[in-house]
Structure formats: structure tokens, C-alpha cells
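The opening position of the sequence shown corresponds to residue 0 in numbering that gives the first Met the number 0, with each subsequent residue numbered one higher. Glycine is no exception: its CB is placed at the ideal position from the N, C-alpha and C atoms. Just below is one structure, and these are the notes that go with it.
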Amino acid sequence: MAENDIVIKHSRGYIGVFGPRIDDIANGVASAADIPNALSCPYHITLITKDELRQLTADLSNKIDDLYENATTIDTKHIYSLGLGGDPKGVCWIVIIWNAVNIFRRKYGLSFKQFHITLSNNDDHSLDKSLYSL
């Protein structure tokens, strides 16, 4: 699938990645694990959370438009899905490895992040969604 099959955008207060490539990853794992497609919003990977974005933009040197513009230049060739984490009957997700985003995050003083695609309609932000959840 072409690299441009994903879109990095500012949505609902966070910066995330969306598009056919993300949907294909999610639908493939959901189908293989017999998880019904119950998500009410598009599948996505969160790059910068709402809280992180507020923290970054509180500093006048970081403007949302600049952050977003720089985020759209992140290398999207090397996004790897490792497998299904969580409980398919409850909260479940796909563990994602994407080092280019962590390099981007470090430029803004943000910590290393474990990326995932939530498959379930419900989410629990307190759960470990790293490769250790597999």
C-alpha cells in the first residue's frame, strides 16, 4: 500500500494518523481474531494526546499549526503492527511500533510512547498497551 494512504491530522484535540492503511491494519487483525467492527469513530494512532498538546501549546513558542505542520512530515513508511493485546470481548488494541514518531516527540520534549490502534468501542487509558501486553 502506498505511503500516502495515511493522513496525519489534528482531530478532536489530539494529533493522530488516520486513513486506509490504518483501517486495513485494524480490519485485518479484527477479522483474524473474530472481533466485530464496533468502533464508532475511524481507526487511528494517537501521536500527541490532548493533554500533551495543551502542555506544548501553553509554551508560546509552540503553536498548534507549527506542531501539526511538522507532524505531517513524519516518516510513515515503517509502521509495524505486532499483534493483538487486551481482551477481544472487552478493551482490545493492536500494538504498533513506529520509531519515527518517537524521534518527532523527542524534538518537542515529549516522552517515549507506546503506540496502538484501539479496536474496541470502549477504551481504558490506564492499561499497558505496549508489546508487553501481547
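Extent of the continuous alpha helix (DSSP H) to which residue i belongs
{"i": "residue 30", "result": "19-31"}
{"i": "residue 8", "result": "Careful: residue 8 lies outside any alpha helix (DSSP H), inside the beta strand (DSSP E) at 6-10."}
Span separating the alpha-carbon of residue i from that of residue j
{"i": "residue 8", "j": "residue 83", "result": "25 Å"}
{"i": "residue 35", "j": "residue 24", "result": "14 Å"}
{"i": "residue 109", "j": "residue 51", "result": "8 Å"}
{"i": "residue 4", "j": "residue 90", "result": "27 Å"}
{"i": "residue 117", "j": "residue 27", "result": "13 Å"}
{"i": "residue 125", "j": "residue 113", "result": "13 Å"}
{"i": "residue 103", "j": "residue 70", "result": "7 Å"}
Segment limits, beta strand (DSSP E) that includes residue i
{"i": "residue 67", "result": "First-last for residue 67: 63-70, but that is the alpha helix (DSSP H), not the beta strand (DSSP E)."}
{"i": "residue 52", "result": "Counting along the chain, residue 52 falls outside any beta strand (DSSP E), though it belongs to the alpha helix (DSSP H) covering 49-57."}
{"i": "residue 111", "result": "Run containing residue 111: none; DSSP gives neither H nor E here."}
Sheet register partners of residue i (DSSP bridge)
{"i": "residue 82", "result": "94"}
{"i": "residue 16", "result": "7 and 44"}
Nearest candidate by alpha-carbon position, reference residue i, set the options
{"i": "residue 119", "options": "86, 95, 107 and 96", "result": "86"}
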